[in-house]
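**Student:** Right, I'll just put the structure down here and ask away after.
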Amino acid sequence: MDQNFPKTPAETVAIPKDNSSLKDYIALARPDHWFKNIFMIPGMLFAILYFDVIWSVELIVAIVVGVVSTCLIASANYVINEWLDAEFDKFHPVKKARPSVTKNLYAPYIYLEYLFLATLGLALAWYISMPFFLLEVLLLVMGIIYNVRPLRSKDRPFIDVLSESINNPIRLALGWYIFVPLVFPPLSIIVAYWMGGAFLMGIKRFAEYRFINDAKVAGLYRKSFQFYTEHSLLISSVFYALTSAFFLGIFLIKNRIELLISFPFFALLFAWYLKIGLQKDSVAQKPEKLYRRKYFRVYVMLLGALLVALLFIDIPALHWFLQNTFNK
13 MDQNFPKTPA ETVAIPKDNS SLKDYIALAR PDHWFKNIFM IPGMLFAILY FDVIWSVELI
73 VAIVVGVVST CLIASANYVI NEWLDAEFDK FHPVKKARPS VTKNLYAPYI YLEYLFLATL
133 GLALAWYISM PFFLLEVLLL VMGIIYNVRP LRSKDRPFID VLSESINNPI RLALGWYIFV
193 PLVFPPLSII VAYWMGGAFL MGIKRFAEYR FINDAKVAGL YRKSFQFYTE HSLLISSVFY
253 ALTSAFFLGI FLIKNRIELL ISFPFFALLF AWYLKIGLQK DSVAQKPEKL YRRKYFRVYV
313 MLLGALLVAL LFIDIPALHW FLQNTFNK
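Going by my numbering, the sequence shown opens with residue 13, and the numbers climb by one from there.
As structure tokens, this is what we get:
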């Protein structure tokens, strides 16, 4: 990059700001992103599959409290993310319209909101169990590592994707620990979940990089873009997808052979998402908007229904694959 080219957004752009309102502070918490906690559901289903769960009012309350706790911790991370990203978001064609960029937000209110959400979320987590509480602490810590200097992992290529996507296996484990507080979930599905999330984040980065369509501006918006290229983002995303598929296969065969039927449908899901990411002004930049893709949404729902069915339906013929067929 040219030595005279601005190294920080503050050196170049001044955007006039309007007065803020309560609505702007609520927007920082991104309640419209709470749906991402749907990633807790597979953890719940796997726990039900592995153990004899006794349903009770207390368990149902724990599920509700656990989901609310995770939503609050996620919102705390979103608040600090938007606040600390404001100086960079002004360079993004769309994110420059965020309240953190366009409004005069009062810093003490921002940190008070963060502390309120984090404290309430952890208080609710304490009600569930100690492992659940510690996982929520980890989710909060990962938000700090991702956003706050001097660590700020989002500025480092490849580490940015891995440190953001690790929230997916944390959510899976949170769902698991609501039902099974004393046993760690299978490592194979944890890694598969992590790498699957990394694939989604990698394609998101790729779509953003192409949308900005200017390497210098992209580098100002996100420092890791100073080191990425379209090729490196695509290649790394393929690596994440293959790694996820490998560990997913281990989990499927080792723990529930019937789930092997879902493998080609997962492959199609990855390929379909890659196709979406390759489109101009791709919706992959905003995964929370994917529900607008009707056929993709229906496919994901059908795949989810298939997984639930395979968790509880025994297919004895499939156990042939687990037998040693070599003659001695």
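Where a beta carbon is used, it is the ideal one built from N, C-alpha and C, also for glycine.
(1) With distances taken from CA atoms, which of K228, D97, I140 and K102 is nearest T82?
(2) Sort I215, N89 and N225 by Cα distance to S248 and report the nearest one.
(3) Rounded to whole angstroms, what is the Cα-Cα separation between I262 and M142?
(4) From the DSSP output, in three-state form, read off N225 for me.
(5) Contact check, E242 vs R222 under 8 Å by CB: the rounded distance?
(6) Rank A227, T255 and K228 by C-alpha distance to the C-alpha of M207 and give the top, closest one.
(7) Taking C-alpha atoms, which residue in G78, V79 and I122 lies nearest to A98?
(8) Against chain D, with Cβ distances strictly below 9 Å, would G261 count as a contact?
(9) For L5 versus V91, is the C-beta spacing smaller than 9 Å?
(10) Anyone know if the C-beta pair for L174 and R217 falls short of 9 Å?
(11) Straight-line CA distance for A39 to I178?
(12) Would you grab the beta carbon distance between E148 and I85 for me? Rounded to a whole angstrom, and I think it's under 8 Å.
(13) Is Q335 closer than 9 Å to A219 when the C-beta atoms are compared?
(14) Hey, L330 and E270: beta-carbon distance below 9 Å or not?
(15) Identify the continuous alpha helix (DSSP H) that holds D172 and give its terminal residues.
(16) Do I202 and P181 have their C-beta atoms closer together than 9 Å?
(17) Taking 9 Å as the threshold (C-beta atoms), are I190 and M52 in contact?
(18) Below 8 Å on the Cβ atoms is my contact criterion, and I expect N49 with V79 to pass it. Report the Cβ-Cβ distance as a whole number of Å.
(19) Please list the segments of the beta strand (DSSP E) lying wholly inside the segment 272 to 316, counting only runs of 3 or more residues, in order along the chain.
(20) Verify whether the separation of the beta carbon atoms of P169 and Y240 is less than 9 Å.
(21) Output the distance between the C-alpha atoms of L34 and S274, rounded to the nearest integer angstrom.
(22) How big is the Cα-Cα spacing for D14 and F237?
(23) Return the first residue and the last residue of the alpha helix (DSSP H) that P143 is part of.
(24) Among the residues of its own chain, which have a CB less than 6 Å from the CB of A22, if the five just before and after it don't count?
(25) Quick test of your reading: D36 and K115, contact by CB under 8 Å. State the CB separation rounded to the nearest angstrom.
(26) What first and last residue would you give for the alpha helix (DSSP H) that runs through N267?
(27) Going by DSSP in three states, H104 sits in which element: helix, strand or coil?
(28) Could you check whether L152 and L134 sit closer than 9 Å to each other, using their CB atoms as the reference points?
(29) Residues in its own chain within less than 8 Å of L322 by CB, not counting five upstream and five downstream?
(30) Compare the beta carbon distance of A344 and F211 with 9 Å and say whether it is the shorter of the two.
(31) Buried or exposed: which applies to N16, given that a residue is buried once 16 or more other Cβ atoms fall within 10 Å of its Cβ?
(32) Starting from P54 and walking both ways along the alpha helix (DSSP H), at which residues does that stretch end?
**Tutor:** Reading from the atomic positions:
(1) Measuring C-alpha to C-alpha distances from T82 to each of K228, D97, I140 and K102 identifies I140 as the nearest.
(2) Among I215, N89 and N225, the Cα nearest to that of S248 is on I215.
(3) A straight-line Cα-Cα distance of about 29 Å links I262 and M142.
(4) In the three-state scheme derived from DSSP, where H, G and I count as helix and E and B as strand, N225 is classed as coil.
(5) For E242 against R222, the beta-carbon gap comes to about 7 Å, under 8 Å, which counts as contact.
(6) Checking every option, the nearest Cα to that of M207 belongs to T255.
(7) Nearest neighbour of A98 by Cα position, chosen from G78, V79 and I122, turns out to be I122.
(8) No chain D is present in this structure, which holds just one protein chain.
(9) With the chain running from 13 to 340 in the structure shown, residue 5 is simply not present.
(10) Judged by beta-carbon spacing, R217 lies beyond the 9 Å limit of L174, meaning their Cβ atoms are not closer than that value.
(11) Computed Cα separation, rounded: 24 Å.
(12) So it is a contact: roughly 5 Å between Cβ atoms.
(13) At a Cβ-Cβ threshold of 9 Å, A219 and Q335 do not count as neighbours.
(14) With respect to E270, L330 sits close: the two C-beta atoms are nearer than 9 Å.
(15) D172 -> alpha helix (DSSP H) spans I171 to S177.
(16) Annotated as proximal: I202 and P181, with beta-carbon spacing under 9 Å.
(17) In contact: M52 and I190 (Cβ atoms closer than 9 Å).
(18) Cβ atoms of N49 and V79 come within 8 Å of each other, at about 6 Å.
(19) Listed in chain order, the beta strand (DSSP E) elements of length 3 or more contained wholly in the segment 272 to 316 amount to none.
(20) Going by beta carbons, P169 and Y240 fall inside the 9 Å limit.
(21) In a straight line, the C-alpha of L34 is about 46 Å away from that of S274.
(22) Summary for D14: the model assigns pLDDT 39, below 50, so the residue's position carries little reliability; its value from the coordinates is reported in the next sentence. Going by the C-alpha atoms only, they are around 15 Å apart.
(23) From DSSP, the alpha helix (DSSP H) with P143 extends over M142 to N159.
(24) The predicted position of A22 is uncertain, since its pLDDT is 45 and thus under 50; no value can be drawn from it.
(25) The distance from the Cβ of D36 to that of K115 is about 5 Å, consistent with a contact at the 8 Å cut-off.
(26) Its alpha helix (DSSP H) spans residues E242 to N267.
(27) Coil, per DSSP.
(28) Yes, they are a contact pair.
(29) Correct list, in chain order: R268, E270, L271, I273 and S274.
(30) Within the shown structure, residues of the chain are numbered from 13 to 340, placing residue 344 beyond reach of any answer.
(31) Residue placement at N16 cannot be trusted, given a pLDDT of 39 that sits under 50; what the coordinates show is reported in the next sentence. With fewer than 16 other Cβ atoms from the protein chains shown falling within 10 Å of its own Cβ, N16 counts as exposed.
(32) Where P54 is concerned, the enclosing alpha helix (DSSP H) stretches over M52 to Y62.
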